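The structure appears below as structure tokens.
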Amino acid sequence: MSKYLISTWEPEAPAFWQRSGKSTANRNLWISIPALALAFAVWMVWSVVVVNLPVIGFTYSTNQLFWLAAVPGLSGATLRIFYSFMVPIFGGRKWTALSTASLLVPAIGIGLAVQDPNTSYPTMLILALLCGFGGGNFASSMANISFFYPKAQKGYALGMNAGLGNLGVSAVQFIVPLVITTGIFGALGGAAQIPVKAGHGDALWLQNAAFIWVPFIVVSTLFAWFGMNDLASAKASFAEQAVIFGRKHNWLMCWLYTGTFGSFIGYSAAFPLLTKTLFPDVDPLRYAFLGPLVGALARVAGGIISDKLGGARVTLWTFAGMIAAVFGVISFLPQAGTAGNFTGFFWMFMLLFAGTGIGNASTFRMIPVIFMTQHQRAAAGKPKAVQDQAIVDANKESAAVLGFTSAVAAYGAFFIPKSYGTAIALTGRPDAALYWFIAYYASCIAITWWCYARKNAAMPC
6 MSKYLISTWE PEAPAFWQRS GKSTANRNLW ISIPALALAF AVWMVWSVVV
56 VNLPVIGFTY STNQLFWLAA VPGLSGATLR IFYSFMVPIF GGRKWTALST
106 ASLLVPAIGI GLAVQDPNTS YPTMLILALL CGFGGGNFAS SMANISFFYP
156 KAQKGYALGM NAGLGNLGVS AVQFIVPLVI TTGIFGALGG AAQIPVKAGH
206 GDALWLQNAA FIWVPFIVVS TLFAWFGMND LASAKASFAE QAVIFGRKHN
256 WLMCWLYTGT FGSFIGYSAA FPLLTKTLFP DVDPLRYAFL GPLVGALARV
306 AGGIISDKLG GARVTLWTFA GMIAAVFGVI SFLPQAGTAG NFTGFFWMFM
356 LLFAGTGIGN ASTFRMIPVI FMTQHQRAAA GKPKAVQDQA IVDANKESAA
406 VLGFTSAVAA YGAFFIPKSY GTAIALTGRP DAALYWFIAY YASCIAITWW
456 CYARKNAAMP C
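Numbers given in the working numbering equal positions in the sequence shown, counted from 1, plus 5.
In structure tokens:
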């Protein structure tokens, strides 16, 4: 038996938790967080790269650039469907190490491709698709961490893992503009590119946008392999996990989580290019990192708040706030004959990012509570062995649902940039896309209130 495999894991037992469970869970969490942050960085690297491609001579259209920003979301969301079920099959330690190592493929590939402006557009699309490896990692990471913590602390644990992991989006949009201005890898990193557009400096090393993550990916992979654990109680076949497809609350939470995380990752992917398109005189890379940063930190706070106030209540008010923020964004857009108000546009988006972060945490707090309540209700009054098994089954189902809902929601990273691109191509403005987002958030309010937040809701959480 592997020394990394834990055969007995009872986080709901206070004595076990205080004796060894808490320290083991925290160790796995703090190794998981940087691995997930790197995954997000690789997944979202195109949000920064696309802004700089025209500067160094790539002659892609605006719609093609929006495609490059959107395609990682499409592949990442699709991979999440499969990644959702990998931890119970392979083990959290093994899968975290393997999935983190896979990030080397797009990181090295992009670093090589951007050095030649003659690189074909299909090649760039393939590299963008491969960045989906980073998107897929979130589903397995969240499922894995959910097994380690008791119900009362799942909001905290999932909020920390996702919230600090989401900082990878902010990191890529903050760090990349800095590292592409100098040859930090010397001759090993390749030659500089001379900008073809005036006003963009003397030289860029755009390959550093991808190469900068390579050493960190290697170190994180080693930490995962030698520092994390597999849980025997988390083992389950795909058939055992597939029961979630018959659970009504799985599909309802997919809808709600798409409104929160789908919005966060979609806005993160599109914000730099949308800003540059609407406000050409603004350098979006000076501000782009702030949105994901606000969203990630708000997610940490949202997990703690939801543990205290209840996930459904927080989710309900968060969607209301997001609707108000989108109306605010629309009010500051460039209008016919006016240049718009970038300051107002920016701050409305910051409020929107904060809402997505809080909602990310509150919806994920709802899922374990829903499935634990459902299984414990079914086992009420039955022998202790049945009640103990109900807890195990609830943890397995909620982990699968956490992963699967994140997979569905991740399509926001594709649909939001493409919605902007399509709306702008058809009408010259993004308003139509924004009004669709408002309608979606309104439907989320209705579902949350009826199913989870009202006084006599069937599943209060």
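Glycine is no exception: its CB is placed at the ideal position from the N, C-alpha and C atoms.
Computed from a predicted structure; not experimentally measured.
Check                                                                                                                                                       : Outcome
In whole angstroms, what separates the C-alpha of residue 459 from that of residue 465?                                                                     : 8 Å
Less than 7 Å between C-beta atoms, sequence neighbours within five positions excluded: which residues of the same chain meet that for residue 431?         : none
Does the stretch 22 to 42 come close enough to the stretch 76 to 90 to have 3 or more Cβ pairs within less than 8 Å?                                        : no
What's the gap between the Cα of residue 391 and the Cα of residue 384?                                                                                     : 6 Å
Just to confirm before moving on: does the CB-CB distance between residue 368 and residue 261 stay below 8 Å?                                               : yes
When the cut-off is 8 Å and only beta carbons count, does residue 263 lie next to chain B?                                                                  : Checking the listed chains, one finds no chain B in this structure; it contains a single protein chain.
From which residue to which residue does the alpha helix (DSSP H) around residue 272 run?                                                                   : 268 to 283
To the nearest angstrom, how far is it from the Cα of residue 139 to the Cα of residue 350?                                                                 : 29 Å
Between which two residues does the alpha helix (DSSP H) carrying residue 233 extend?                                                                       : Neither: residue 233 is in no alpha helix (DSSP H) and is coded neither H nor E.
With residue 378 as the anchor, note down where its alpha helix (DSSP H) starts and where it stops.                                                         : 347 to 384
For residue 45, does the count of other Cβ atoms within 10 angstroms reach 16, so buried, or fall short, so exposed?                                        : buried
Who are the near neighbours of residue 188 in its chain, counting only those whose CB is closer than 7 Å to its CB and skipping five residues on each side? : 194, 197, 210
Quick test of the definition: if touching needs 3 or more C-beta pairs under 8 Å, does the stretch 235 to 247 touch the stretch 68 to 77?                   : no
What did DSSP end up calling residue 10 once you bin it into helix, strand or coil?                                                                         : strand
Alpha carbon to alpha carbon, how far is residue 3 from residue 335?                                                                                        : Residue coverage of the chain in this structure runs from 6 to 466, which leaves residue 3 outside it and unanswerable.
Go to residue 327, then tell me how far its alpha helix (DSSP H) extends in each direction, as first and last residue.                                      : 316 to 336
Do you know how far the Cα of residue 20 is from the Cα of residue 78?                                                                                      : 43 Å
Please classify residue 98 as buried or exposed, where buried requires at least 16 neighbouring CB atoms within 10 angstroms.                               : buried
Do residue 448 and residue 361 count as a contact pair if the criterion is CB distance below 8 Å?                                                           : no
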